[in-house]
Amino acid sequence: MRTILISGASRGIGLNIAHKELKEGNRISVGIRDLESLKGSAIDPEKWPEGKIIINHYDALKKITAENWIKNTVDEFGGFDSIINCSGVLSKVPFLYKDGDEEDILNTLNINFLAIWHLCRLSWDHLCTSGRGRIIVLVSMSGKRSKGDLAAYSSSKFALMGLCQTMKNKGWDKNIRITAICPSWVNTKMAQNISSLDKSRMTQPEDIAEICSTILKLPTQSVPFEIALNCNYEI
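Per full-length UniProt numbering, the sequence shown starts with residue 1, numbered consecutively.
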């Protein structure tokens, strides 16, 4: 059994991952902004046995909420061994941005990059103590290549991929393994706002949940660092 911190679990990919991990028999500690958003959902704590899921207030822009989330998890579960980072924000700010767009750019970097860095840094000692730490990060194909003119978004994801590589180096001798999952279009509200691709042709959130579940079951010597997912052809 694993004990997993999951961010961004109120909808989409994160919600599907959290549901999958509960069904696998793992314990999860969810960090979300709106504590009421899970009522009636597949991971509503009322639907699961006591001690399987705890819900915590987490705002990616407020470091104190990450500290409280970790403390609550340790107090409730005694520790944890895995983190799955699903929170993120889309930005359409282009390379030739307008005066005043700087705030949007910084917000994108803070949520997509710095917040994940903060959470993983604050969690590091707990992952080391477990002896089998895992960090899964939903990066994006936009962290491997830039298509179009989403400069702020792609830059934040390239930074995140660099962070993943550095965490891999730092955690290797502590048996901490990092996996950067890099999908292209996933059938979520975020993708539907910017892509005309038919939803049925996109990668589905439950597919990514299945991948995460498999990663968490693999032995240390077999954990992949990077998984790139393409639902459409790219050269």
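Glycine included, C-beta positions come from ideal geometry on N, C-alpha and C.
#1: For the stretch 86-124, which segments carrying the alpha helix (DSSP H) assignment without a break, of at least 4 residues, lie completely within its bounds, in sequence order?
#2: Leaving out five residues on either side along the sequence, give the residues of the same chain with a beta carbon under 8 Å from the beta carbon of Leu61.
#3: Is the separation between the beta-carbon of Ile181 and that of Ile208 shorter than 8 Å?
#4: Checking 8 Å against the spacing of the C-beta atoms, do Asn72 and Glu206 come in under that value?
#5: Going by other Cβ atoms of all chains shown within 10 Å of its Cβ, with 16 needed for buried, is Ser196 buried or exposed?
#6: Exposed or buried, which one is Leu160 when buried takes at least 16 other CB atoms within 10 Å?
#7: Starting from the C-beta of Lys52, find all residues in its chain whose C-beta is less than 7 Å away, skip the five residues before and the five after it, and write them out in chain order.
#8: So, helix, strand or coil for Ile54, using DSSP?
#9: Helix, strand or coil for Asn212, going by three-state DSSP, please let me know.
#10: When you compare the CB positions of Cys164 and Thr203, do they come within less than 8 Å of one another, or not?
#11: Checking 8 Å against the spacing of the C-beta atoms, do Tyr58 and Ser10 come in under that value?
#12: Look up Ser29 in the DSSP assignment and give the residues it is bridged to.
In terms of the structure at hand:
#1: 102-109
#2: Cβ within range, chain order: Asn107, Asn110, Ile111, Ala115.
#3: Against a cut-off of 8 Å, the Cβ pair of Ile208 and Ile181 comes out as a contact.
#4: no
#5: It counts as exposed.
#6: buried
#7: Leu22, Arg27
#8: strand
#9: Rather than Asn, the amino acid found at residue 212 in this sequence is Cys. Three-state result, Cys212: helix.
#10: Not a contact, by the Cβ cut-off of 8 Å.
#11: no
#12: Leu5, Ile54
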